[in-house]
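Take the sequence shown: its letters are residues 350 to 657, numbered as in the numbering used here. Glycine included, every Cβ here is placed at the ideal spot set by N, Cα and C.
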Amino acid sequence: MAPSDISIHRTTSTSSLTREVSRGRSRARPIHLVRQALGIPHFAIAPGIVAEPSDRRILGGKDVPRPILSRLPVEMDKTGPLVKVPFGNEATDDSDEDDEIAPPLLRLSTPSSVFYTQSRLPALSSEHIPFWHALHRFGPQRQDYAAAFARLARTAPHPLAPNSSASGCLVMSNESYIQLVRSVFNYTAISLPATIPDHRYYCVLFRSTRHRSAPPESIRGLYAADRRAHEEAITSGGLLMYWYGVPNAAGENVATCAWTSREEAVRASRLEKHRAAAALAGRVYETYEVVRYVLNVKEGTVNVEAWK
């Protein structure tokens, strides 16, 4: 590894500059570029030299978890007849569960690659309709989508200083996560008319690892609370799509959602059912974290960018 590939960063809460050691020279860097005060020496390897995992496979067919699209306001909705998919049967589309556990999802009566919510958005600007339709084609494009984010969260691709952690890595906390979002999901393959208005859609990714000893009733209770919070968020406005994967053998999973703006996402996070679901997370998850990113739609092209 060439010396120029490694930078040593040290910041403190009172320092306004970070020293970067590169090729034996030291230069000052403004702290606003660092974004995190580590308070300890920390190695950071340039993103371009970190190899991608070799065990990824392209997904296709019925193995792909389906996105859940928010139903449009009545006056905008041209979706065909829908049938219920009760809570807990999303993978099979069976209809033998009790609707009282949690609100059921909906799907088209004909074969479909998406689900729809029970609730409708209270309003939606017509400029967002093409993107809403485009999100019907959203999905993961790697078999290891859950493990990929878990690896990034727990394992630094470089030596760590004493008392530091992988989550504190500047590279991993920013660009590496964005690169992984681009790699795992098919956002950049989504096509849109070049004539639609440019817009920055706010997105949230939730990475989690279950407690191995989490009781099944606690897991089911959390998922039911999540469904109720999801429907609550629809009626608050702004949520276009929600997607969650299937936990792997290690209990690792990832979920993501797309909003028309950050303000609407923040408003929904303060609602009663969202707070109730969040309170259950500690009982089920050993670790979890939230990553924020932006889908910058410009001239019909979707670019994944860091949220700033």
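Buried or exposed by the 16-neighbour rule on C-beta atoms within 10 Å, applied to residue i
| i | result |
| --- | --- |
| P460 | exposed |
| D575 | buried |
| W656 | exposed |
| A542 | Here residue 542 turns out to be Pro, not Ala, going by the sequence shown. Classification for P542: exposed. |
| H482 | exposed |
| A599 | exposed |
| P546 | exposed |
| V290 | Nothing can be reported for residue 290: it is not among the residues displayed for the chain, which extend from 350 to 657. |
| G488 | buried |
| S660 | The requested residue 660 does not occur in the structure, where the chain is confined to residues 350 to 657. |
Start and end residues, alpha helix (DSSP H) containing residue i
| i | result |
| --- | --- |
| V633 | E621 to V633 |
| E612 | R611 to S618 |
C-alpha gap between residue i and residue j, whole angstroms
| i | j | result |
| --- | --- | --- |
| P564 | T544 | 51 Å |
| Y593 | G631 | 18 Å |
| R415 | V463 | 5 Å |
| E601 | L554 | 13 Å |
| V603 | S540 | 24 Å |
| L529 | S557 | 16 Å |
| R491 | L644 | 19 Å |
| R378 | L589 | With a pLDDT of 35 at R378, under the threshold of 50, the modelled position of that residue is not reliable, and the figure given next carries that caveat. Rounded to whole angstroms, R378 to L589 spans 39 Å at the Cα level. |
| I380 | L455 | The pLDDT assigned to I380 is 31, lower than 50, so where the model puts this residue is not dependable; a value taken from the coordinates is nonetheless given after this. Those two C-alpha atoms are separated by around 48 Å. |
| Y634 | R561 | 9 Å |
| E613 | A582 | 9 Å |
| A497 | N652 | 20 Å |
| H548 | G649 | 10 Å |
| P422 | H477 | 12 Å |
Unbroken beta strand (DSSP E) run spanning residue i, endpoints
| i | result |
| --- | --- |
| H548 | H548 to R559 |
| A584 | Per the sequence shown, the amino acid found at residue 584 is Thr instead of Ala. Looking at the DSSP string, T584 is not in any beta strand (DSSP E); the run it does join, the alpha helix (DSSP H), is P565 to S585. |
| Y591 | L588 to Y593 |
| I417 | I417 to R420 |
| L431 | L431 to V434 |
For residue i, the nearest candidate out of the options (CA to CA)
| i | options | result |
| --- | --- | --- |
| E638 | R559, S462 and P416 | R559 |
| E654 | T466, K647 and Y642 | Y642 |
| Q467 | L457, E476 and S474 | L457 |
| T605 | Y536, K647, T584 and A625 | Y536 |
| T584 | K433, M425, P471 and E524 | P471 |
| V640 | E621, I568 and A607 | A607 |
Contained beta strand (DSSP E) runs [length at least 3] in the segment 449-482, N- to C-terminal order: For the segment 449-482, whole beta strand (DSSP E) runs of length 3 or above, ordered along the chain, are 454-457 and 464-469.
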